[in-house]
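**Q** For reference, the structure I am asking about is given below.
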Amino acid sequence: MIKYIFRRILLLIPILLGVTVIVFGIMFLTPGDAAILMLGENAPPAELEALRERLGLNEPAYVQYGIWMARVVQLDFGRSIRSGRPVTGEIVARLPATVELALLATLLSIAIGVPLGVLSATRPNTVVDHTATVLAFGGLAMPVFWQGLIMILLFALVLDWLPPSGKLGGWQYYVLPTITLGTSAIAAITRMTRATMLETLSQDYVRTARSKGVRERSITYRHALRNAMIPIVTVIGLQFGALLSGAVITETIFSWPGIGLLAIDSIRAKDFPVVQGVVMMFALMYAFVNLVTDILYAYLDPRLKTRYS
Amino acid sequence: MRRVLLMIAAVAFAFGGAHAFTLTVAQGSDIVSLSPHKTNDQPSARVMRQIYDTLVIQTEELVLEAGLAESWEQVDATTWDFFIRPGVAFHNGDTLMGSDVKFTLDRLRDPATAAPGAFLVGFIDEITLVDDMTVRITTNGPFVPILSHLAHTATSILNERAVTEAGEDYGTSVVVGTGPFSFVSWQVANQIILDRNDAWWYGDVGPERVIFRAITEGTVRAIELEAGAIDIAYNLEPRDALRARQNPNITMAEIEALTTAYIGFNAQKEPFDDVRVRQAINHAVDAETIVDVIFEGFGFAANSPISSMVFGANTDLEPYEYDPERARQLLADAGLGSGFSTTLWTNNNPLRIQIAEIVQAQLGEIGISVDVQVLEWSTYLNDTAAGAHDMFILGWVTVTADADYGLYALFHSSNFGSAGNRTFWSSDRVDELLDLGRRESDPELRQAYYFEAQEIIRDEAPWIFLNTQIEAHATRSNVTGFVPHPAGHNRLYNVQKN
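Chain order of the listed sequences is Z and C.
So the mapping is simple: our numbering equals the position in the first sequence, first residue as 1, plus 190.
Just so you know, our numbering puts 337 at position 357 of the second sequence, and the rest follows in order with no gaps.
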């Protein structure tokens, strides 16, 4: 088991290295002079030159990358151009709001998606199944910003049940962003659950169980669903990763103070140290969630455990 | 929930607390800092305006009145004495002293502070204390607009002890001013809370608490106001503002801003070194139509290089008539009857790109083939400052509402390049008039100098005047006393809620 986890972690290293090259490229490929971006166009030439020297901007690209990596390994992304505060601090301050929202949206999508998928699979080609399918495709097809705005219009303005945006304390502020963010994940999980359940329900051991006289309920949940879990867990893991980094649009619409909004604000302000930090953070979270998903496999599928023991 | 709130409100009213209300204001962006020495952006200035005072106050009517300086006296052409108001208390209990003023302005202009607003006090040569409550400012040349500069939020007066003790934390967790509201908290990207300063030297303050919210999406900001979740929304986008105008629960507070937008020519480059070519293009561009199409009624065609709100703006200036025939004639006179090819630069700003495309079509009509090029902002600024361009679109905000700020940087020959004059056009007479304007203390004479300068600029046509913009702020209809400020940092002390 330890060996399995260790191998997974080792695999992360080349992936993250690849990400750093891309993220470094953001600064390198941004047109214009980074020193001027930082100090303003009216800065005296001597100061600009001193900053270029300090940041290593006069060195060749691979040397710059080396200098940058040495700092990134210590989680130092430099300081924000806009606020002058350390990038890492800004990200850490904004991270909880994003994680909170992604977790809630994931829980919501599991709570709705899995039962809905099971329901569809156990009653294939019925009204229930077709309704679930239409809902799922609708959820996948709706653009997030459109859905968010429509929900704000409906629930905040027309019905006046919930506050339109913000995170000012109170559960009411969580409802609309969670649903908006979770919708596509609900759809994805529903579809995946339906597909894998249909497959397992046609397996021999299910037929055997039925012929033994096991109750249908028990067949569905104890026998079939457990065996269908691996692909479903994969989708949930991928969805959680996507929700963490995909909160950009939802956070912008709902003025949710997470790192997605930070990313948008920083891109608008050309605050590239923050953009680099946020993108690195998204990659790290994605990789971490995938790692946890891989480890979960081993629990769900004992064959994986024995292969590495 | 609503019923509970109503009950609370009713109880508060019954016990005479009718004036204890919270005012929630939303703007499109979070603040950067609450230290006027760390930023010079509008969202931050709008909050700082409530927390700090300046030596001089510029009212909503753009009248200059006494602020933390009770009075002032011009000793000679380059020396000014400011008499500091006695008995003014900072939010931390300290009493305002002349030393705080000297400390603030010296820190602002110190290159080590690297304050984005330092250019506003670039005219200062030296600051000395005549006595505890008298600050003497020596300027590095005659500089009459000094008072409007000292009314800008970037020159807000800080508490020396608070700034020194807080160090790096000043402006984020520690903020101390003398203004109508004191700082309570700043939840990043979310909200800023300010409480009433009952001891404000200026007078009574209306709201007991002010909450500034950052609501990025313009449409959501409008919906928040329609739903009554906020009391005031700043800068509605044209489409939302048109809808809000129809809503009986919303009162619009629209104001002409101090902005100006223009297309500049590189007047040292062929063929734009020929005044006839510049005039021809002015006749060929229908600014009126452009502004109507792009701004949907929230902007209007400009007839002068500065907004009509600015002191010294020549509002009677006759703009170039849209007359393609005349334009062709002028081009023919300049020996370019068969037209020519050129480029028009803009940065990646959707409105500017749209403007550029319409201008491209209109100039095509008179045989000028225009290639619109969209440049990244810092490259754009660099290359226009270096004179690599033909034509370019840019804007300017005359933050001090004084013609000197709006004309000196953009048209004086000493400011070629990054200092502001990116057309590299100059005229000896305009240079002379702008210098006179800095020196002359009689407002009528100053105005006459600026009027003449603007006439020459119109005739010589280094620019196409495009438009000034209207800022569409809006309040719930139960909000009274909100008067928008042309410079954008609206004061809220006088606002009431019924």
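Cβ coordinates follow ideal geometry from the N, Cα and C atoms, glycine included.
Does the beta carbon of T455 of chain C sit closer than 8 Å to a beta carbon anywhere in chain Z?
**A** Translated into the one-based positions of the second sequence, residue 455 of chain C becomes position 475. T455 of chain C does not count as touching chain Z.
**Q** Return the chain-ordered ranges of every beta strand (DSSP E) run that is complete within the stretch 166 to 191 of chain C and spans a minimum of 3 residues.
**A** For the stretch 166 to 191 of chain C, whole beta strand (DSSP E) runs of length 3 or above, ordered along the chain, are 171 to 176.
**Q** Can V425 of chain Z and M387 of chain Z be called in contact, C-beta distance under 8 Å?
**A** Counting from one through the first sequence, the residue named residue 425 of chain Z turns up at place 235. Counting from one through the first sequence, the residue named residue 387 of chain Z turns up at place 197. Contact: no.
**Q** Can you tell me whether T75 of chain C is buried or exposed, with buried defined as 16 or more other CB within 10 angstroms of its CB?
**A** Residue 75 of chain C sits at position 95 when you count from the first residue of the second sequence. Looking at its Cβ environment, which holds fewer than 16 other Cβ atoms inside 10 Å, T75 of chain C is exposed.
**Q** Just to check my reading of the structure: L347 of chain Z and A437 of chain Z have Cβ atoms closer than 8 Å, yes? What is that Cβ distance to the nearest angstrom?
**A** Residue mapping note: residue 347 of chain Z aligns to position 157 of the first sequence, counting from 1. Residue mapping note: residue 437 of chain Z aligns to position 247 of the first sequence, counting from 1. The Cβ separation is near 23 Å, so there is no contact.
**Q** Between the Cα of I11 of chain C and those of C:N139, C:T144, C:N170, C:A131, spot the shortest distance and give me the residue it belongs to.
**A** Counted from its first residue, the second sequence places residue 11 of chain C at position 31. Closest by alpha carbon: C:N170.
**Q** If you scan the stretch 85 to 161 of chain C from start to end, which runs of the alpha helix (DSSP H) of 4 or more residues do you find wholly inside it?
**A** The qualifying runs are 126 to 129, 140 to 146.
**Q** Give me the subset of the stretch 333 to 358 of chain Z whose CB atoms are less than 8 Å from a CB atom of chain C, sorted by chain position.
**A** Under the 8 Å Cβ criterion, the stretch 333 to 358 of chain Z contributes L339, I342, L343, A346, L347, D350, P353, P354, S355, G356, K357, L358.
**Q** Rank Z:G356, Z:G256, Z:P447, Z:T323 by C-alpha distance to the C-alpha of I281 of chain Z and give the top, closest one.
**A** In the first sequence, the residue the question calls residue 281 of chain Z occupies position 91. I281 of chain Z has its Cα closest to that of Z:P447, out of Z:G356, Z:G256, Z:P447, Z:T323.
**Q** For a contact meaning CB atoms closer than 8 Å, what does S180 of chain Z contact in chain C?
**A** What is shown of chain Z runs 191 to 499, which leaves residue 180 of chain Z out entirely.
**Q** Hey, which unbroken runs of the alpha helix (DSSP H) at 4 residues or more fall wholly within the stretch 395 to 456 of chain C?
**A** Listed in chain order, the complete alpha helix (DSSP H) runs (minimum 4 residues) inside the stretch 395 to 456 of chain C are 408 to 419, 423 to 440.
**Q** Measure the alpha-carbon distance for F431 of chain C versus G292 of chain C and round it to whole angstroms.
**A** As a first step, residue 431 of chain C must be located in the second sequence, where it is residue number 451. As a first step, residue 292 of chain C must be located in the second sequence, where it is residue number 312. Going by the C-alpha atoms only, they are around 7 Å apart.
**Q** With burial defined as no fewer than 16 other Cβ atoms inside 10 Å of the residue's Cβ, what is the status of A414 of chain Z: buried or exposed?
**A** Walking along the first sequence from the start, residue 414 of chain Z turns up at place 224. So A414 of chain Z counts as buried.
**Q** I369 of chain Z and M341 of chain Z: beta carbons closer than 8 Å?
**A** Reading the first sequence from its first residue, position 179 is the one you call residue 369 of chain Z. Reading the first sequence from its first residue, position 151 is the one you call residue 341 of chain Z. Against a cut-off of 8 Å, the Cβ pair of M341 of chain Z and I369 of chain Z comes out as a contact.
**Q** Would you kindly work out how many angstroms separate the C-alpha atoms of Y385 of chain C and M289 of chain C, rounded to a whole number?
**A** As a working note, residue 385 of chain C is residue 405 in the second sequence. As a working note, residue 289 of chain C is residue 309 in the second sequence. In a straight line, the C-alpha of Y385 of chain C is about 13 Å away from that of M289 of chain C.
**Q** Excluding sequence positions up to five away, which residues of its chain have a Cβ less than 6 Å from the Cβ of A399 of chain Z?
**A** Start at 1 with the first residue of the first sequence, and residue 399 of chain Z comes out as number 209. Contacts found: I409, H413.
**Q** Could you name the residues of chain Z that A207 of chain C contacts, counting a contact when the two beta carbons are closer than 9 Å?
**A** For this step, residue 207 of chain C is matched to residue 227 along the second sequence. Correct list: I342, A346, L347, D350, P353, P354.
**Q** Between the stretch 28 to 47 of chain C and the stretch 120 to 136 of chain C, are three or more C-beta pairs nearer than 8 Å?
**A** Yes, they touch.
**Q** What is the DSSP secondary structure of A46 of chain C, reduced to helix, strand or coil?
**A** Start at 1 with the first residue of the second sequence, and residue 46 of chain C comes out as number 66. Correct three-state label for A46 of chain C: strand.
**Q** Answer with buried or exposed for A0 of chain C, where buried requires no fewer than 16 other C-beta atoms within 10 angstroms of its C-beta.
**A** Here residue 0 of chain C refers to the residue found at position 20 of the second sequence. Exposed is the call here.
**Q** Which residues in chain Z have a C-beta closer than 8 Å to the C-beta of E188 of chain C? List them in chain order.
**A** Translated into positions along the second sequence, residue 188 of chain C becomes position 208. Those do not exist, as E188 of chain C stays about 17 Å from chain Z at its closest Cβ, beyond 8 Å.
**Q** Candidates Z:I454, Z:G403, Z:N480: which alpha carbon is nearest R284 of chain Z's?
**A** Locating residue 284 of chain Z in the first sequence gives position 94, where the first residue counts as 1. Closest by alpha carbon: Z:I454.
**Q** Using the Cα positions of D484 of chain Z and T440 of chain Z, report the straight-line distance between them to the nearest angstrom.
**A** Counting from 1 along the first sequence, the entry for residue 484 of chain Z is found at position 294. Counting from 1 along the first sequence, the entry for residue 440 of chain Z is found at position 250. Near 28 Å, if we compare the C-alpha coordinates of T440 of chain Z and D484 of chain Z.
**Q** Do you know how far the Cα of D415 of chain C is from the Cα of E217 of chain C?
**A** To locate residue 217 of chain C, count along the second sequence from 1; it is residue 237. To locate residue 415 of chain C, count along the second sequence from 1; it is residue 435. Each residue's Cα considered, the two are about 39 Å apart.
**Q** Let me see if you follow: with CB-CB separation under 8 Å, is N362 of chain C close to chain Z or not?
**A** On the second sequence, residue 362 of chain C is found 382 positions in, with the first residue counted as 1. Answer yes: the Cβ-Cβ gap between N362 of chain C and chain Z drops below 8 Å somewhere.
**Q** Return the CA-CA distance between I117 of chain C and I104 of chain C, expressed in angstroms with no decimal places.
**A** Locating residue 117 of chain C in the second sequence gives position 137, counting from the first residue. Locating residue 104 of chain C in the second sequence gives position 124, counting from the first residue. If you take the alpha carbons of I117 of chain C and I104 of chain C, they lie about 7 Å apart.
**Q** Note down, in chain order, every chain Z residue with its Cβ under 7 Å from the Cβ of E204 of chain C.
**A** To locate residue 204 of chain C, count along the second sequence from 1; it is residue 224. Neighbours of E204 of chain C on chain Z, chain order: P354, S355.
**Q** Of the residues that make up the stretch 282 to 294 of chain Z, which ones have a beta carbon closer than 9 Å to any beta carbon in chain C?
**A** Residues A283, R284, A287.
**Q** I'd like the list of long-range same chain contacts for L316 of chain C, defined as Cβ closer than 7 Å, with 5 residues on each side in sequence excluded.
**A** Working through the second sequence from its first residue, we reach residue 316 of chain C at position 336. Once the five neighbours on either side are set aside, the close Cβ partners of L316 of chain C are P251, V257.
**Q** So what does DSSP say about G375 of chain C, is it helix, strand or coil?
**A** As a first step, residue 375 of chain C is located in the second sequence; it is residue number 395 there, counting from the start. In the structure shown, G375 of chain C sits in a strand (DSSP, three-state: E or B).
**Q** Does the count of Cβ pairs from the stretch 270 to 285 of chain C and the stretch 334 to 351 of chain C closer than 8 Å reach three?
**A** Output reads yes: the stretch 334 to 351 of chain C touches the stretch 270 to 285 of chain C.
**Q** Note down the Cα distance separating L48 of chain C from H469 of chain C, rounded to an integer number of angstroms.
**A** Residue numbering aside, residue 48 of chain C sits at position 68 when the second sequence is read from its first letter. Residue numbering aside, residue 469 of chain C sits at position 489 when the second sequence is read from its first letter. Rounded to the nearest angstrom, the two C-alpha atoms are 18 Å apart.
**Q** With distances taken between CB atoms, is the gap from G208 of chain C to R419 of chain C smaller than 8 Å?
**A** The residue you call residue 208 of chain C lines up with position 228 of the second sequence. The residue you call residue 419 of chain C lines up with position 439 of the second sequence. No.
**Q** Closer than 7 Å by beta-carbon distance: list the chain C residues that pair up with S503 of chain Z, in chain order.
**A** Lying before the first or after the last residue shown, residue 503 of chain Z is absent from chain Z, which here runs from 191 to 499.
**Q** Straight-line CA distance for R458 of chain Z to L339 of chain Z?
**A** Counting from 1 along the first sequence, the entry for residue 458 of chain Z is found at position 268. Counting from 1 along the first sequence, the entry for residue 339 of chain Z is found at position 149. Cα to Cα, the separation comes out at about 21 Å.
**Q** Mind checking whether Y300 of chain C and N246 of chain C have CB atoms under 8 Å apart?
**A** The residue labelled residue 300 of chain C in the question sits at position 320 within the second sequence. The residue labelled residue 246 of chain C in the question sits at position 266 within the second sequence. Against a cut-off of 8 Å, the Cβ pair of N246 of chain C and Y300 of chain C comes out as no contact.
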